[in-house]
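Asker: Please read through the structure below; I'll follow up with questions.
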Amino acid sequence: MRVVVSVGGSVLVPDPATNRVAEYAAVIEGLVESGHEIAAVVGGGGVAREYIGAAREVGANESELDQLGIAVTRLNSKLLLAALDESITASVVPENYEQARTDVQRGDVTVMGGVVPAQTTDAVAAVLAEYVDADRLVFATSVPGVFTADPNEVEDAERHDVLTASELVDTVASMEMTAGASAPVDLLATKVIQRAGLETVVLDGADPTRVTDAVENDEFDGTRIVPDAEAE
Ligand SMILES: Nc1ncnc2c1ncn2[C@@H]1O[C@H](COP(=O)(O)OP(=O)(O)OP(=O)(O)O)[C@@H](O)[C@H]1O
Ligand SMILES: O=c1ccn([C@@H]2O[C@H](COP(=O)(O)O)[C@@H](O)[C@H]2O)c(=O)[nH]1
61 MRVVVSVGGS
71 VLVPDPATNR
81 VAEYAAVIEG
91 LVESGHEIAA
101 VVGGGGVARE
111 YIGAAREVGA
121 NESELDQLGI
131 AVTRLNSKLL
141 LAALDESITA
151 SVVPENYEQA
161 RTDVQRGDVT
171 VMGGVVPAQT
181 TDAVAAVLAE
191 YVDADRLVFA
201 TSVPGVFTAD
211 PNEVEDAERH
221 DVLTASELVD
231 TVASMEMTAG
241 ASAPVDLLAT
251 KVIQRAGLET
261 VVLDGADPTR
271 VTDAVENDEF
281 DGTRIVPDAE
291 AE
């Protein structure tokens, strides 16, 4: 199976003292050993938000803030790349989809971060999944799925076990799109998921083995996004 895994920066490096980089590398290597083709996209997490916050205070505009965020996503990507067995990876972090697809077509694991302002790495993962005709897109994020409201703000928010792509679009449509904003999946990503009919999973990435379960066993604790056509 060809899979794009989007790993949140706050999931990969929750704080400077804890990092799950080696665990994520082991999960990716295990999936490759089982015959899967893996492309990873890494987010910026808390470090990106700190840089974006500091630059916003000194008057940078949103596009400049996005560029800072992109730089951090590429730094985090290099961290994951460094932990992966170099015999299965491309040696550099691609800065565009063409380079990433070339890596995938060569049979290498590719790891990339952001590409252009005004989106997040969620959108990068969705576009890459569409571009390489991935069989599945997995978002390993900091919440256990997509909820009826922000579970960090609303105590009785309930998780959706299954959503159609259109329902996902409606759920995130009103969320903020400023640099460093938080959403389970950003709006642009949801529109790409919808048009491409991508089989998508949103799960809590704190335990990286959940990604293995979602790929190998199709069993996971999270939200499944089904293409609109399947729900008709
Ligand atoms: N309806 C919702 N369902 C789930 N999460 C929501 C919802 N609305 C807002 N959120 C927020 O979405 C966020 C999703 O994770 P977040 O974007 O912070 O981290 P990430 O995916 O690990 O990526 P990164 O840290 O790289 O930005 C959570 O912080 C959560 O509070
Ligand atoms: O293609 C991209 C990717 C990211 N950004 C900016 O970086 C931050 C951090 O990325 P996350 O995926 O949210 O961790 C994001 O909020 C954007 O400001 C970007 O502009 N373009």
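First residue of the sequence shown? That's 61 in this note's numbering, and the numbers climb one at a time after it.
Virtual Cβ for every residue (Gly too), placed ideally from N, Cα, C.
1) Measure the beta-carbon distance from I285 to V271 and round it to whole angstroms, keeping in mind my assumption that it falls under 8 Å.
2) Taking C-alpha atoms, which residue in I148, V176, V206 and A85 lies nearest to D281?
3) DSSP three-state label for R219, please.
4) Nearest to T250 by CA position, among E97, P268 and T260, is which residue?
5) Quick one: grab the DSSP three-state call for G257.
6) Go to L197, then tell me how far its beta strand (DSSP E) extends in each direction, as first and last residue.
7) Measure the Cβ-Cβ separation of L248 and Q179 and say whether it is below 8 Å.
8) Just curious, the alpha helix (DSSP H) that S70 is in, first and last residue?
9) Only counting the same chain, and skipping five residues up and downstream in sequence, which positions put a Cβ closer than 7 Å to that of E279?
10) For R166, name the three-state secondary structure that DSSP assigns.
11) Starting from V184, trace the alpha helix (DSSP H) in both directions and tell me its first and last residue.
12) Judging by CA-CA distance, which residue of V169, D267 and S147 is the nearest neighbour of V64?
13) Assign R80 to buried or exposed, taking buried as 16 or more other Cβ atoms, counted over all protein chains shown, within 10 Å of its Cβ.
14) Considering only the beta carbon of each residue, do P287 and A225 sit closer than 8 Å?
15) State buried or exposed for P244, treating a residue as buried only when at least 16 other CB atoms are found within 10 Å of its CB.
16) Residue ranges of each beta strand (DSSP E) run of no fewer than 3 residues wholly in the region 121–180, ordered along the chain?
17) Can you tell me whether R255 is buried or exposed, with buried defined as 16 or more other CB within 10 angstroms of its CB?
18) Can you tell me whether A233 is buried or exposed? The criterion is at least 16 other CB atoms within 10 Å of its CB, across all chains shown.
Answerer: A quick look at the data gives this:
1) Between the beta-carbon of I285 and that of V271 there is about 16 Å, and that puts the pair past the 8 Å contact cut.
2) The residue among I148, V176, V206 and A85 with its C-alpha nearest the C-alpha of D281 is V206.
3) Three-state DSSP puts R219 in a strand.
4) Nearest neighbour of T250 by Cα position, chosen from E97, P268 and T260, turns out to be T260.
5) The three-state secondary structure of G257, taken from DSSP, is coil.
6) That run of the beta strand (DSSP E) goes R196 to T201.
7) A contact, by the Cβ cut-off of 8 Å.
8) Residues G69 to L72.
9) The beta carbon of E279 lies closer than 7 Å to those of D273 in the same chain, with the five residues before and after it left out.
10) Three-state result, R166: helix.
11) Here the alpha helix (DSSP H) through V184 covers T181 to Y191.
12) That would be V169, whose Cα lies nearest to the Cα of V64.
13) Classification for R80: buried.
14) Note that the C-beta distance between P287 and A225 is below 8 Å.
15) Looking at its Cβ environment, which holds 16 or more other Cβ atoms inside 10 Å, P244 is buried.
16) Complete beta strand (DSSP E) runs here, min 3: 170–172.
17) Exposed, since its Cβ has fewer than 16 Cβ neighbours within 10 Å.
18) Counting Cβ neighbours within 10 Å, A233 comes out exposed, since fewer than 16 surround it.
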